[in-house]
């Protein structure tokens, strides 16, 4: 019985710690603006996240994969391609 309680408590603690460390999500309205802007620039947006206070976007363009970082004004400040 004690083992079960300990295991359950440990699992709950790990799950709550993981949730606390997760990056905040990008608001839906902002995601729509990002998609619209990058689509107009020729990108096919695959995923939008938030990392280190910037909007992180995974996209394709001309058959290449890109990892883009946008600031709060939706300007691309950093880009990595594979």
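Numbering (mature numbering (1 follows the signal peptide of the UniProt record, and there is no 0)), first residue to last: -22 to -1, 1 to 60.
Ideal Cβ positions, reconstructed from N, Cα and C, are used throughout, including at glycine.
Computed from a predicted structure; not experimentally measured.
Worksheet item: Can you tell me whether DSSP reads residue 53 as helix, strand or coil?
Response: coil
Practice prompt. Kindly identify the DSSP beta-bridge partner or partners of residue 28.
Written response: Under DSSP, the beta-bridge partners assigned to residue 28 are 33.
Worksheet item: What number of angstroms, rounded off, separates the C-alpha of residue 50 from the C-alpha of residue 37?
Response: Rounded to the nearest angstrom, the two C-alpha atoms are 18 Å apart.
Item to complete: Let me know if residue 6 comes out buried or exposed under the rule of 16 or more other beta-carbons within 10 Å of its beta-carbon.
Response: exposed
Worksheet item: Since residue 47 sits in a beta bridge, which residues does DSSP pair it with?
Response: Residue 47 is bridged to 34, 56.
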